[in-house]
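See structure below.
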Amino acid sequence: MLKQCDMTTQASCVLETISKNDWQTVQAISNQTGLSNENCEFLLTQFEIAGFVAKQGNSYMRTA
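Per this note's numbering, residue 37 is the first one in the sequence shown, and the count goes up by one each step.
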């Protein structure tokens, strides 16, 4: 993922932060990355559409 030219540094950071084993809330991801909840939510929605994460309620888990 980090090698894709069209992914921003922020997006790469958020994607690498998301666990493949545990569900994480937007707030937890925001705290880990230092980005706002809104920024994280926006990136997570894009990742969900692309199939990189799964969403369950307000929690996310990495799938790819």
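A virtual CB, placed ideally from N, CA and C, is assigned to each residue, including glycine.
Small disclaimer: the values here were computed from a predicted structure and weren't measured.
> Is there at least one non-hydrogen atom of the ligand ATP closer than 6 Å to the beta-carbon of A86?
Replying inline: Questions concerning the ligand ATP fall outside what the structure shown contains, since it holds no ligand whatsoever.
> Which class does A90 belong to by DSSP, given the choice of helix, strand or coil?
Replying inline: Strand, per DSSP.
>> Per DSSP, what are the beta-bridge partners of Q60 in this structure?
In response: Beta-bridge annotation (DSSP): Q60 is paired with Y96.
> Comparing alpha-carbon positions, which option in S55, V50 and K91 lies nearest L71?
Replying inline: Measuring from the Cα of L71, the nearest candidate turns out to be V50.
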